[in-house]
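Input: a single structure, listed below in structure tokens.
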Amino acid sequence: MIIYGYDPLDRLTYIQNQATNAIYEIIYDKNGNILNLGFYELVNGNKVWKSQIKQTFNERNQIRTHEDQRGNQIVYNYDANGNLELVSFPNNTQLKLVYDSLDRLKTKQDLTFNNSWAFSYDKNNNLTQVIQTSTSGQEVTDYVLDALIDEVKSITYPMVNGIRRSVNYTYNANGQITTISHSAITQKLGVDAIYRYDYDQAGMMASLNGPNKEQVGQFYDEAGRLKKSFKSDGTKAYNTYYEYNELGDLKEYRLETADGVILSREKHAYDGDGNTTIITYNDGSKHSFQYDLASRLKNEQKISSNGAVLTTISYQYDSYGNRLSITKNGTTTTYKYDTANQISSVNGSAGIYQYDQNGNQIRDDRHKYYYDSSNRLSYVEQANAAVAIASYYYDYEGKRTKKVVYGKITEQYYYDAGHLTYIADENNQILYSFTRTYTGDLVTMTDYTSGTAVNYYYVHNGHGDIIGLKDKTGTTVVTYEYDAFGTIITATGTAKTGNGRLLREENPFRYASYFYDEETKLYYLRMRFYDPLIGRYLTRDIVPSANLYVYTENNPVRYVDPFGLSFFSKIKSLYQKAKAKVTSFFKSVYNSVSTTIKSIKTKKVEFSPGQQAAITIGAAGVGSSVDYKVSKTNTRISSQQSTISNAIHETVGTSIPKQFIKNLGKGGLSGIGVGVAVDWGLSYLRKGEFGAEELKESLINNVTLSLASAGIAGVFVAVGVPVLGAGLIGAVFVSAVYAGYTTLTGKTIADWFD
209 MIIYGYDPLD
219 RLTYIQNQAT
229 NAIYEIIYDK
239 NGNILNLGFY
249 ELVNGNKVWK
259 SQIKQTFNER
269 NQIRTHEDQR
279 GNQIVYNYDA
289 NGNLELVSFP
299 NNTQLKLVYD
309 SLDRLKTKQD
319 LTFNNSWAFS
329 YDKNNNLTQV
339 IQTSTSGQEV
349 TDYVLDALID
359 EVKSITYPMV
369 NGIRRSVNYT
379 YNANGQITTI
389 SHSAITQKLG
399 VDAIYRYDYD
409 QAGMMASLNG
419 PNKEQVGQFY
429 DEAGRLKKSF
439 KSDGTKAYNT
449 YYEYNELGDL
459 KEYRLETADG
469 VILSREKHAY
479 DGDGNTTIIT
489 YNDGSKHSFQ
499 YDLASRLKNE
509 QKISSNGAVL
519 TTISYQYDSY
529 GNRLSITKNG
539 TTTTYKYDTA
549 NQISSVNGSA
559 GIYQYDQNGN
569 QIRDDRHKYY
579 YDSSNRLSYV
589 EQANAAVAIA
599 SYYYDYEGKR
609 TKKVVYGKIT
619 EQYYYDAGHL
629 TYIADENNQI
639 LYSFTRTYTG
649 DLVTMTDYTS
659 GTAVNYYYVH
669 NGHGDIIGLK
679 DKTGTTVVTY
689 EYDAFGTIIT
699 ATGTAKTGNG
709 RLLREENPFR
719 YASYFYDEET
729 KLYYLRMRFY
739 DPLIGRYLTR
749 DIVPSANLYV
759 YTENNPVRYV
769 DPFGLSFFSK
779 IKSLYQKAKA
789 KVTSFFKSVY
799 NSVSTTIKSI
809 KTKKVEFSPG
819 QQAAITIGAA
829 GVGSSVDYKV
839 SKTNTRISSQ
849 QSTISNAIHE
859 TVGTSIPKQF
869 IKNLGKGGLS
879 GIGVGVAVDW
889 GLSYLRKGEF
899 GAEELKESLI
909 NNVTLSLASA
919 GIAGVFVAVG
929 VPVLGAGLIG
939 AVFVSAVYAG
949 YTTLTGKTIA
959 DWFD
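Convert by adding 208 to the 1-based position in the sequence shown; the result is the number in our numbering.
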């Protein structure tokens, strides 16, 4: 049971999760800014703080200082126009921001590591160029927009080895991508390499045709859930079938050949809280799961078809989600934590895990880790010797663009909408490409290293894990097995790529389709790195929760976290229809208030009832609607959006329906969301500490599932979409949907899904 408390202004001030005995408290100033928030337990009637955050604000209600439990402060300075111009971190790193006469971000400079980014815009304020300067030289990225539809038409990437790669897009009348073409793949194949997408009347992807004869066809039921997927690698075709129970949970997941031969089948059973309890496979073997009162995984077993227990893993946690112990087949490892939820000892030995003042993990028993001024992992070496393992490089949005594994490989990374599309070598020659559906699901891996394109078909399970690769004959040439948190138990297969490397290692996608780094055994989740051995991230989450390091609230069977920002249900087909609607709504909100936005800059504005309802989402709503527009050129949140957000915050304030808060966190305190999200979301939008594309996707996923949990979308209530526990930033947008949509259109949210 979760208990909520409110102040006389109806603001959320108190949440108690009786399952974990954790209590969350928020203190506001007279302007509604969050001054203090933290998590504590009552011990003999006394508060024992586990984590506590303090903030101060300036006269514009902009965050001035952010202080953690240990007194480490992040300090923010602003120029005369209210633009954030300097961020100083506890470890003495600094970021400097400079703006043009229109308050657009002109340059961003890492004062510690001498990296900088310069931004150029067209007359409509669309980003046209980014120049990144570092000790290794300059990298230029160019953007071209189609003015008629206001979408990115082409991106030309930085030069590597004298070669600049590019990608081109076309769109339909609804703004959905219809074709994507990459110059690198075109050059390799000798013909125009075009990915073609078609959509049904509901806006869902109906088909995909790739340049290497890849094909995908998707079919949906009346609730908008995926019921069948046809996929072909160009030689062999496969059908995947999805069946759901009365609550909308995945009941059966089945893979068949085109002629109906069952290759794999999973049958899922659930407890009363919607947690998976047993997965039964086609051969009769099983994977069972048990949970504590907070829906955290406490036990998993793998059982053979004859009933023999093959593996048993047990987990124990404290009130804040820290893993106290893991017992695997009789061997126990124990952990202790400090007041910042950082590991202080393992099996009684202190000093194995170490952290810097920014909260980044800098050491474990295997590696030492080094970070840049944006707290991104940049260099790894052996723990007990100064032996370099790898270096990582990022673009202005935070996407990893290059990896150097010393003595082995150099890889360049190219993306579409935040998803890795192909990998090139140190000479910028394509190695592998990856065909995906419109929503990012992997279909094939294509190997170009032999000089001829060779396709491999990805085999998934119901959780989205990559459990195998098939060649053109239909033979399984690679297999993977994982525990519930993603540790690779086995990886088999002797097949090699055209350059003689093991395919099972060259394939970068593993558990939950995450990018896996062989050199560190970590998963790269876009904004953070995840260590499956301990079920934790190396760095803090950017929004507050009971634990800033924990992965999916310790329910990895039910949830995934592809961006390292939020987590959502593994059964993505349940909310694809809603996701399309949410995405289009962001755009409509922006259009409906675009005139108002211009007025807001002067802070002299009167809102109509419709506009006020659309905007009254604690400033973050319009800020992200603006971001949605800007993100089409993959830029960061600029000063302009910061100023707009501040103005809305000062003029309108916050209006959040209680019911949303109460329905956002079935699994625990992560659903504190709305009130905290307003200020925290704004803080990180202003700071520009994550890429717009990742933020947009995270928000859309948050909103879609939060809509369901709030009980305002009839179709999803009927099918019982799992609740997104981490409402947070996304929860703010539920309010935007609730207030803005209904007021502007006169319809209910349920009408959306008709």
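All C-beta atoms in this analysis are idealised placements derived from N, C-alpha and C, irrespective of residue type, glycine included.
In terms of DSSP beta bridges, what is residue i paired with?
i	result
LYS729	DSSP, once it has assigned bridges, lists no residue as partnering LYS729.
VAL612	SER599 and THR618
LEU149	Any answer about residue 149 is impossible in this case: the structure gives the chain only from 209 up to 962.
GLN346	THR341
ASN254	VAL251
VAL686	LEU677
Quick one: Cα of residue i to Cα of residue j, how far?
i	j	result
SER513	HIS495	11 Å
ARG219	VAL595	52 Å
ARG571	ALA591	7 Å
GLU726	GLY240	47 Å
ASN244	ARG574	37 Å
THR539	VAL554	14 Å
SER586	ILE697	27 Å
GLY213	ASN566	31 Å
TYR523	TYR757	16 Å
ASP624	GLY515	45 Å
VAL964	TYR405	Absent from the structure is residue 964, since the part of the chain shown begins at 209 and ends at 962.
GLY861	LEU217	Because GLY861 carries a pLDDT of 30, less than 50, the predicted location of this residue cannot be relied on, and no value is offered for it.
LYS255	GLN277	14 Å
THR315	LEU710	43 Å
ARG736	GLY383	30 Å
ALA703	VAL685	6 Å
LYS607	TRP325	14 Å
May I ask you to report which of helix, strand or coil DSSP gives residue i?
i	result
LEU677	strand
ALA227	coil
ARG712	helix
TYR379	strand
LYS396	helix
ALA632	strand
ASN568	coil
GLY468	coil
ASN762	helix
ALA558	strand
SER998	Absent from the structure is residue 998, since the part of the chain shown begins at 209 and ends at 962.
SER963	Nothing can be reported for residue 963, as the shown portion of the chain is limited to 209 through 962.
SER527	coil
SER503	coil
ALA720	helix
LEU463	strand
TYR351	strand
THR535	strand
Please go through the same chain and pick out, in chain order, the residues whose beta-carbon is closer than 6 Å to the beta-carbon of residue i, but skip the five residues on each side of it.
i	result
GLY694	TYR719 and PRO740
LYS610	TYR601 and GLN620
GLU508	PHE497, ILE521 and ALA692
SER658	GLY706
GLU347	GLN340 and PRO366
ARG373	TYR365, SER391 and ALA392
THR488	LYS475 and LYS494
In chain order, what residues of the same chain lie with their CB nearer than 7 Å to the CB of residue i, ignoring the 5 residues before and after it?
i	result
VAL295	ILE282, TYR284, GLN302, LEU303 and LYS895
ILE551	TYR543, TYR545 and TYR561
LEU471	LEU463, GLU464 and THR465
PHE723	LEU628, PRO716, PHE717, TYR731 and TYR732
GLY418	TYR403 and THR643
Buried or exposed: residue i, going by 16 or more other Cβ atoms within 10 Å of its Cβ?
i	result
ALA632	buried
ASN530	buried
THR349	buried
GLU430	exposed
SER582	buried
LEU292	buried
LYS576	buried
GLY556	exposed
TRP257	exposed
GLU605	buried
For residue i, I'd like the list of residues in its chain whose CB is within less than 8 Å of its CB, leaving aside the five on either flank, ordered along the chain.
i	result
ALA598	TYR587, VAL588, LYS611, VAL612, VAL613, TYR614, ASP725, GLU727 and THR728
Is there a Cβ from chain C that is less than 8 Å from the Cβ of residue i?
i	result
ALA410	Within the model displayed, chain C is absent; a lone protein chain is all it includes.
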